[in-house]
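Asks: Chains as they are written, first to last, in the numbering used here: chain A, 1 to 281; chain B, 282 to 395. Each residue gets a CB set at the ideal place from its N, CA and C atoms; glycine is no exception. Computed from a predicted structure; not experimentally measured.
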């Protein structure tokens, strides 16, 4: 058995362990692992340089439907930022440096509707916790004996739900020592797609009729609702989603400036309570 | 160029309110990743709260719409979400089909109202 095989088996084990632990997302992972990925075989000379691996990663942006969803979402974020009074440069900076759709929308909607910096920061902090387990589960897939922590900083930055899902689909077909370069390529490709989508959305919101402007702004809630709904597998996730939607209008009556935080913590805690009650029963 | 950046204050606010609170979790994952039990009860609660916050954000855009979306009547925005969700479920959870259906409803409805 070659070293390559060992790595492969290790990756498969990591992926299946991860599925077992992170059930809410595994539905998405399974759906996508059905589709074949057009990458060179593991022993191909195509993988000899990191630069080539980077290019293969960037090319893989074109072979996932999630790119389309991401494009629509960032088209909407561009339009949302425009209509909330932010500059295009600000919008692009938020995509490049935050690189998490939900956090960007929270910043835009809260700051745009007059919340303080501290209130926005708290809401973003809580919403971004989900990135922690994603990073924790993705990094072991590309570590080798020579990997230093600093080699993984950019991978950690690029990790968000889309990349997280795609890692499980693509990485088993990428030699382990080229995985970091491949993910850099894939992640940078996705960021570029989103920057372009931002710019188009921003320009469209500035120039379009109210009819099409409303249509573009509607992309964001629709894309987020369905991608979140798809990631739900446990009852707790479903309850959190449904209650989170229903409690927001109630919390908004308080007009506290942290309405999203109030409804989110209330709905999430109730959902967790149901999860506990079922576990005990 | 100045209209591209806007004011620098807004950019500073972006870093304090958006970039740092978000990146902190990725960097914590990078530093302490090894020793956390992913099935722990704390993470289940955290994930539920994070999902509910995201749901709140979705609700906020639909209930208190920004910009051009505010020109669409309430019932039409809610109708578009419901129709999109119905198609999403019927299409075996295709995000794409759901988004297209919701968009068709809101664009056709708004066009029809004028």
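1. Is the beta carbon of residue 268 of chain A sitting closer than 9 Å to the one on residue 330 of chain B?
2. In chain order, which continuous runs of the beta strand (DSSP E) of length 3 or greater are located wholly inside the stretch 101–152 of chain A?
3. Using only CA atoms, which one of A:256, A:208 and A:226 lies nearest to residue 363 of chain B?
4. If we call anything under 9 Å between Cβ atoms a contact, is residue 213 of chain A one with residue 350 of chain B?
5. Determine the DSSP secondary structure at residue 347 of chain B, reduced to helix, strand or coil.
6. Take residue 386 of chain B and list the residues in its own chain whose beta-carbon comes closer than 8 Å to its own, dropping the five residues that flank it on each side.
7. Mapping DSSP to helix, strand and coil, what is residue 324 of chain B?
8. Using the rule of at least 16 other Cβ atoms within 10 Å of the residue's Cβ for burial, across every protein chain shown, is residue 30 of chain A buried or exposed?
9. For residue 189 of chain A versus residue 94 of chain A, is the C-beta distance shorter than 9 Å?
10. At a Cβ threshold of 9 Å, is residue 221 of chain A touching chain B?
11. Measuring CB to CB, does residue 137 of chain A end up less than 9 Å from residue 103 of chain A?
12. Within 8 Å: the Cβ of residue 138 of chain A and any heavy atom of the ligand ATP?
13. Just reading off the alpha helix (DSSP H) that residue 166 of chain A is part of, what are its end residues?
14. The alpha helix (DSSP H) that contains residue 192 of chain A, what's its start and end?
15. Using 9 Å as the threshold, is the C-beta distance between residue 120 of chain A and residue 135 of chain A below it?
16. Give every residue of the same chain whose Cβ lies closer than 6 Å to the Cβ of residue 175 of chain A, excluding the five residues on either side of it in the sequence, and list them in chain order.
17. Flag this pair as yes or no: are the beta carbons of residue 80 of chain A and residue 220 of chain A separated by less than 9 Å?
18. Could you check how far apart the C-beta atoms of residue 200 of chain A and residue 76 of chain A are, in whole angstroms? I think they sit under 8 Å.
19. Ordered along the chain, which non-local residues of its own chain (more than five positions away) have a Cβ less than 6 Å from that of residue 365 of chain A?
20. Is DSSP giving residue 38 of chain A helix, strand or coil here?
21. Taking the continuous alpha helix (DSSP H) assigned at residue 375 of chain B, which residues delimit it?
22. How is residue 249 of chain A classed by DSSP in three states: helix, strand or coil?
23. Kindly say whether residue 296 of chain B, judged by its beta-carbon, lies nearer than 9 Å to any beta-carbon of chain A.
24. Which value, in whole angstroms, describes the spacing of the CA atoms of residue 332 of chain B and residue 260 of chain A?
25. Would you kindly work out how many angstroms separate the C-alpha atoms of residue 341 of chain B and residue 105 of chain A, rounded to a whole number?
26. Spell out a yes or no on whether the stretch 179–189 of chain A and the stretch 48–56 of chain A are touching, meaning 3 or more CB-CB pairs, one atom from each, closer than 8 Å.
27. Closest to residue 222 of chain A by CA distance: which of A:145, A:203, A:62 and A:74 is it?
28. Among A:171, A:281, A:246 and A:196, which one has its Cα closest to the Cα of residue 88 of chain A?
29. For the stretch 153–178 of chain A, which residues have a beta carbon sitting closer than 7 Å to at least one beta carbon of chain B?
30. How is residue 256 of chain A classed by DSSP in three states: helix, strand or coil?
31. Using 10 angstroms around the beta-carbon of residue 255 of chain A, count the other beta-carbons present and answer buried if the total reaches 16, otherwise exposed.
32. If we ignore side chains and look at the alpha-carbon of each, how far apart do residue 149 of chain A and residue 178 of chain A end up?
33. Any beta-carbon of chain B closer than 9 Å to the one on residue 263 of chain A?
34. Would you verify that the beta carbon of residue 446 of chain B is, or is not, closer than 9 Å to some beta carbon of chain A?
35. Which same chain residues, not among the five before or five after residue 243 of chain A, have their C-beta less than 7 Å away from its C-beta?
36. Would you call residue 152 of chain A buried or exposed, if buried means 16 or more other Cβ atoms sit within 10 Å of its Cβ?
Replies: Working from what's here:
1. yes
2. none
3. A:226
4. yes
5. coil
6. 357, 360, 361, 364 and 365
7. helix
8. Here the model assigns residue 30 of chain A a pLDDT of 40, short of 50, so the residue's position is not dependable, and the following value carries that caveat. Exposed.
9. no
10. yes
11. no
12. This structure simply doesn't include the ligand ATP, nor any ligand for that matter.
13. 161–170
14. 179–207
15. no
16. 42 and 47
17. yes
18. Actually they do not touch by this definition, with Cβ atoms about 11 Å apart.
19. Nothing in the structure corresponds to residue 365 of chain A, since chain A is present only between 1 and 281.
20. coil
21. It is not in any alpha helix (DSSP H) - residue 375 of chain B carries neither H nor E in the DSSP assignment.
22. helix
23. yes
24. 11 Å
25. 10 Å
26. yes
27. A:74
28. A:196
29. 153, 156, 157 and 159
30. coil
31. exposed
32. 16 Å
33. yes
34. Nothing can be reported for residue 446 of chain B, as the shown portion of chain B is limited to 282 through 395.
35. 267, 270 and 271
36. buried
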